[in-house]
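First residue of the sequence shown? That's 0 in my numbering, and the numbers climb one at a time after it.
Please read the structure below before turning to the comments.
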Amino acid sequence: MSSDIYKIVIAALEDIKGQDLVTIDVRELSDITDTMIVVSGASNRQVKALAQNTVEEGKKAGFQPIGVEGMDEGEWVLVDFGDLIVHVMQPTTRAFYELEKLWSLRPSSAAPENEVDVDLDEND
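What follows is the structure in structure tokens.
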């Protein structure tokens with residue numbers, strides 16, 4: 000990922016007073032992106048403004064977003080720059096989906112506690 004787009008996005012989000020900004024390195028967990036930024040806006044108007052500023056500042060620097068989704072509603076707007084995906088969410092939406100928790104999960108080699116070991120060998 001270009002550190003330029005990362006710096007541009009962070010500055011764009013800070014300009015519009017994005018809250019609780021978190022960066023998640025997902026290189027080991029995802030084939031589609033390297034980094035996710037999750038940030039909150041207090042209202043649908045602020046969520047839209049944060050996303051719009053991110054898109055505008057990215058374009059000014061020569062980074063065209065691959066896609067922008069959710070701009071009409073303003074509950075959760077996703078801005079996809081390829082190696083960097085920005086999730087701008089209202090606090091209630093963010094708390095419901097818990098993206099930080101979802102993307103920090105690591106596969107476990109241990110069997111789940113409720114897993115039952117079944118012997119299918121009929122010769123026993």
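Each residue gets a CB set at the ideal place from its N, CA and C atoms; glycine is no exception.
Quick caveat: nothing in here was measured; it's all calculated off a predicted structure.
| query | result |
| --- | --- |
| Nearest-angstrom Cβ-Cβ length linking T22 and T34, presumed shorter than 8 Å | 6 Å |
| Whole-angstrom distance between D79 and T91, CA atom to CA atom | 22 Å |
| Length of the line joining the Cα atoms of R44 and L20 | 18 Å |
| Selected residue, minimal CA-CA separation from V54, among G17, S103, V67 | V67 |
| Residues that E13 bridges to, as DSSP identifies them | Its beta-bridge partners do not exist; DSSP assigns none. |
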